[in-house]
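Q: Respectively, the protein sequence lines represent chains A and B. In this text, residue positions in the first sequence follow our numbering: the first is 345, and each later residue adds one. In this text, residue positions in the second sequence follow our numbering: the first is 300, and each later residue adds one. Beta carbons are placed, not taken as given, at the ideal position from N, Cα and C, and that holds for glycine. Bear in mind the structure is a predicted one, so any value in this text is a computation, not a measurement. After the structure tokens below, expect a handful of questions from me.
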Amino acid sequence: MTANERAHPPGGGLVHIGRPKRIIEIAPSELPMPDRSLPLPQPGFAPDDPGFAPAEPSPPALEPDEPVGAPEPVEAPPAP
Amino acid sequence: MNGRVSLARGLETSISTEPVLAWRAWALTGRRDGSELLLRPVAGRSRPWRPGEVAEAACKQARLHAAPNVDCSCGLHATHEIDELRRTRSPSALGRVALWGRVVEHELGYRAQFGYPQLLGLICRFCFWQWGRHGHAPAIVGWFPRDELVPLCWPHLEVAARYGMEPRRLLPAHEIELRLRETYTVDTLNW
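Shown next as structure tokens:
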């Protein structure tokens with residue numbers, strides 16, 4: 345009987361996980377947990393709330409006189 | 300080791316960079332307003348799993364070895380299959396957990412050095428004991444003395460009250476579940 349079986353006898357209310365099979369040494373390249381450098385969301389925060397995640401940089405502003413969606417200028421064909 | 304041969308001697312050892320994912324159940328505590336939620340091991344007085352912090356195993360039976368030790372029962376426990384958890388004492392939350400560091404794989408689960416939940420959900424323990432994943436979703440979370448939080452479905456709330464297990468306060472389960480996921484920054488357990 346293993347220590348696990350002694351500590352968790354069947355019917356004792358705790359989970360018995362059987363005999364050990366192998367040992368795995370796991371060194372993850374990235375920890376599977378939230379990034380601690382970011383603030384943890386507080387209850388009630390919406391996903392787009394600035395406190396939830398750092399805001400993305402906004403795109404550069406258009407020139408005031410630059411027409412949005414205007415077609416590219418096309419050269420007129422030479423006269424026959 | 301009392302002269303016994305260590306079980307570790309015959310075990311294969313492998314190295315990996317991918318955390319293991321397994322099933323785990325927790326007890327849940329919180330304030331009477333549902334704040335300060337904390338996942339706790341279902342047995343004993345082991346340390347809670349704090350939000351945003353890696354849970355690290357420690358051996359209470361013998362402090363002379365690092366946890367998990369193959370010849371001991373220490374370590375953060377999790378199972379291969381969800382049904383193995385149906386014999387857990389007093390579960391309130393269920394989830395998928397990532398395990399890493401030194402991990403001892405067993406026939407039915409794991410014991411690990413480090414862990415953090417990945418997916419979380421609340422369960423009615425009476426439904427879970429009887430029907431596993433096919434039970435009712437909890438409707439309320441009862442707040443009990445010593446800040447114990449117990450999710451229950453409506454039928455089992457009635458049964459519990461009939462047997463003298465009356466919560467001091469009732470909180471909406473969907474709200475506590477959302478708060479729990481936000482607290483630990485994890486996703487919903489879809490099962």
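Can the beta-carbon of H379 (chain B) be found closer than 9 Å to that of W428 (chain B)?
A: Contact flag unset, no.
Q: Name, in chain order, the residues that DSSP records as bridge partners for Y409 (chain B).
A: According to DSSP, which records beta bridges pairwise, Y409 (chain B) is partnered with B:A377 and B:E404.
Q: Between T484 (chain B) and V304 (chain B), what straight-line distance do the alpha-carbon atoms span, to the nearest angstrom?
A: For T484 (chain B) and V304 (chain B), the distance between alpha carbons rounds to 43 Å.
Q: Go ahead and pull the three-state DSSP assignment for D370 (chain B).
A: In this structure, D370 (chain B) counts as coil in the three-state DSSP scheme.
Q: Quick one: which chain A residues come within Cβ less than 9 Å of Q417 (chain B)?
A: Chain A residues near Q417 (chain B): P376 and M377.
Q: Report the residue from B:W430, B:P450 and B:P466 whose alpha carbon sits nearest the alpha carbon of E474 (chain B).
A: Minimum Cα distance to E474 (chain B) is reached at B:P450.
Q: Around the Cβ of V458 (chain B), are there at least 16 other Cβ atoms within 10 angstroms (buried) or fewer (exposed)?
A: Under this definition V458 (chain B) is an exposed residue.
Q: Are L269 (chain B) and L456 (chain B) touching if we call contact CB-CB under 9 Å?
A: In the structure as shown, chain B starts at 300 and stops at 490, and residue 269 (chain B) therefore has no counterpart that could be examined.
Q: In three-state DSSP terms, what is E447 (chain B)?
A: Residue state, collapsed to three classes: strand.
Q: Cβ atoms of G374 (chain B) and V240 (chain B): under 9 Å apart, would you say?
A: Outside the modelled stretch of chain B, which goes from 300 to 490, sits residue 240 (chain B), for which no answer is possible.
Q: What is the rounded straight-line gap between the Cα of E352 (chain B) and the Cα of R478 (chain B)?
A: Looking at the two C-alpha atoms, the distance is approximately 17 Å.
Q: Can the beta-carbon of G394 (chain B) be found less than 9 Å from the beta-carbon of Q417 (chain B)?
A: Yes.
Q: Measure from the alpha carbon of A293 (chain B) to the alpha carbon of each residue in B:H435, B:A342 and B:Q412, then state which is nearest.
A: Only positions 300 to 490 of chain B appear in this structure, which leaves residue 293 (chain B) out of reach.
Q: Under 9 Å between C-beta atoms, does Y516 (chain B) make it to chain A?
A: Nothing about residue 516 (chain B) can be reported from this structure: the residues present for chain B run from 300 to 490 only.
Q: Which residues in chain A sit within 9 Å of R401 (chain B), going by Cβ to Cβ distance?
A: Those within 9 Å of R401 (chain B) in chain A are I367, I368, E369 and I370.
Q: Could you please give the first and the last residue of the uninterrupted beta strand (DSSP E) stretch that includes P471 (chain B)?
A: R468 to P471 is the extent of the beta strand (DSSP E) around P471 (chain B).
Q: Please list the partners that E404 (chain B) has in chain A, where partner means a Cβ-to-Cβ separation under 8 Å.
A: Neighbours of E404 (chain B) on chain A, chain order: P364, K365, R366, I367 and I368.
Q: Starting from R339 (chain B), follow its DSSP beta bridges and name the residues at the other end.
A: DSSP output for R339 (chain B) lists B:A326 as bridge partner(s).
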